[in-house]
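Residue numbers (mature numbering (1 follows the signal peptide of the UniProt record, and there is no 0)): -19 to -1, 1 to 405.
Down below is the structure, laid out as structure tokens.
Quick look at the structure:
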């Protein structure tokens, strides 16, 4: 019996050791503080073996103060930042009101504890604390980095969060004197840019976004630089934006590593879908809470290009319970569907859209029948979580339209260019 057990151990031991062995890294993140942390976490969540070079948590600039107040005019929290806040509060469910409370007395030690717990859950993440990048060589396929402990790491993709942008300056001299990448104020956001958003936050009490072009403006040969962060003041109020931007860059770099793709070949919709899967906030509507039951549908609705006109001051509002006019949806749908152009020719009115109108449009464009209405009636309050009772003659609201678009429209799946235009 002992002999048979020994034989079995000899047979399976190599397999067990192989399973425990870490995969070869595909991405290295050099510094960047909490943004670098966020980038590395997202890359590891995206199943990309990642190495992070970071200061000791006690030495991170953002966490040096024991307690600090994070004061934001709008609550645009989401993604890994929201997860961190909830972990600090020991809450298993997200809450905008709880996030506000945690930010009002942000405890750096609780943040460190939460980050350390996240690290343990991510076998794809290797962290070198206190080590410096002392040498970097660009090869034909990989970047070979030498650390201060003499360890060498070879990866196809790099993220540099160093304060002096040493890598982008050394390997991309043509970018050295270019204007640094910057965030876009929501009040200045165009329709095309809105479709390419990868991060949302607040700078100096004003909502801003980062698009794919924001990130690629400081990328060269799969070396990503956290350039936009150098435009920020070093104050606690901008920590949510730093982490949101770090998560976006981490997902972008992970995409290139996972799919062995050049930055110019990124499928933007796939990249956004990855960020949405990890609960990143990609819509800047200040009147839509992270815990809104229709938050996911409204996110995709925004990224398709609907309702960009309701700007008040520096903020963008969705007004979820406002009625929808034919003219609100006609341009976008006609840009996506040929059949919708035919429907509007026969049905257009300068009026509000009713449920009867919308169901007719869905049936015509998607070639469906009465099952659409039957399913809606059955799921009205349960799955769809709509208020009131179903009425064919009732006006449809923006919230309801977002949900129905998510169910029956392929507009979010429609491929787009980095500039925000739909691919033809």
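Quick reminder that beta carbons are idealized off the backbone N, C-alpha and C, glycines included.
Keep in mind the model is a prediction, meaning the values are calculated, not measured.
Alpha helix (DSSP H) segment containing residue i, residue limits
i, result
"residue 108", "Segment 106 to 110 is the beta strand (DSSP E) holding residue 108; no alpha helix (DSSP H) there."
"residue 384", "379 to 389"
"residue 251", "249 to 258"
"residue 277", "276 to 285"
"residue 392", "Residue 392 -> no alpha helix (DSSP H), and no H or E assigned at all."
"residue 149", "147 to 152"
"residue 141", "Here residue 141 belongs to no alpha helix (DSSP H); instead the beta strand (DSSP E) covers 138 to 142."
"residue 324", "319 to 328"
"residue 352", "352 to 360"
Delimiting residues of the beta strand (DSSP E) encompassing residue i
i, result
"residue 11", "8 to 12"
"residue 343", "Counting along the chain, residue 343 falls outside any beta strand (DSSP E), though it belongs to the alpha helix (DSSP H) covering 336 to 347."
"residue 397", "From DSSP, residue 397 is part of no beta strand (DSSP E); its letter is neither H nor E."
"residue 31", "31 to 35"
"residue 171", "Element bounds for residue 171: n/a, residue is neither H nor E."
"residue 114", "114 to 119"
"residue 128", "124 to 128"
Own chain partners of residue i with C-beta closer than 7 Å, once the 5 adjacent residues on each side are dropped
i, result
"residue 398", "404"
"residue 402", "173"
"residue 72", "79"
"residue 159", "Bear in mind that the predicted position of residue 159 carries a pLDDT of just 46, short of 50, making it too unreliable to give a figure here."
"residue 122", "137"
"residue 406", "Any answer about residue 406 is impossible in this case: the structure gives the chain only from -19 up to 405."
"residue 406", "One cannot answer for residue 406 here, as it falls past the ends of the chain, which runs -19 to 405."
"residue 143", "11 and 12"
"residue 21", "10, 31, 33, 106 and 231"
"residue 381", "367"
"residue 292", "168"
Residues near residue i in its chain [Cβ-Cβ closer than 6 Å; skip 5 each side]
i, result
"residue 196", "230 and 233"
"residue 278", "383, 384 and 387"
"residue 256", "232"
"residue 235", "24, 27 and 29"
"residue 116", "127"
"residue 41", "14"
"residue 325", "311"
"residue 103", "25"
"residue 200", "244"
"residue 319", "none"
"residue 65", "95"
Proximity of residue i and residue j at Cβ, strictly below 8 Å
i, j, result
"residue 203", "residue 267", "no"
"residue 214", "residue 146", "no"
"residue 47", "residue 188", "no"
"residue 274", "residue 378", "no"
"residue 60", "residue 281", "no"
"residue 313", "residue 395", "no"
"residue 191", "residue 179", "yes"
"residue 57", "residue 217", "no"
"residue 19", "residue 150", "no"
"residue 176", "residue 219", "no"
"residue 44", "residue 5", "no"
"residue 186", "residue 54", "yes"
"residue 284", "residue 393", "yes"
"residue 9", "residue 136", "yes"
"residue 263", "residue 167", "no"
"residue 271", "residue 77", "yes"
"residue 96", "residue 38", "yes"
Own chain, CB closer than 8 Å to residue i, minus 5 neighbours either side, in chain order
i, result
"residue 133", "125, 126 and 127"
"residue 98", "68"
"residue 370", "361"
"residue 372", "336"
"residue 88", "47, 48 and 69"
"residue 374", "335, 336 and 337"
"residue 50", "84, 85, 86, 87 and 217"
>> Within 8 Å, do at least three Cβ pairs link the stretch 374 to 391 to the stretch 159 to 178?
In response: no
> Counting only runs that start and end within the stretch 51 to 110, where is the beta strand (DSSP E) found for 3 or more residues in a row?
Replying inline: 106 to 110
>> I want to know whether the stretch 328 to 338 touches the stretch 302 to 310 - three or more CB-CB distances under 8 Å.
In response: yes
> Does the count of Cβ pairs from the stretch 247 to 255 and the stretch 354 to 371 closer than 8 Å reach three?
Replying inline: no
>> Taking 8 Å as the cut-off, does the stretch 241 to 250 touch the stretch 337 to 349 (at least 3 CB pairs, one atom from each stretch)?
In response: no
> Which parts of the stretch 185 to 239 are runs of the beta strand (DSSP E), unbroken and 3 residues or longer, counting only runs that do not cross its ends?
Replying inline: 187 to 192 and 204 to 206
> So, do the stretch 210 to 226 and the stretch 8 to 25 have three or more beta carbon pairs nearer to each other than 8 Å?
Replying inline: yes
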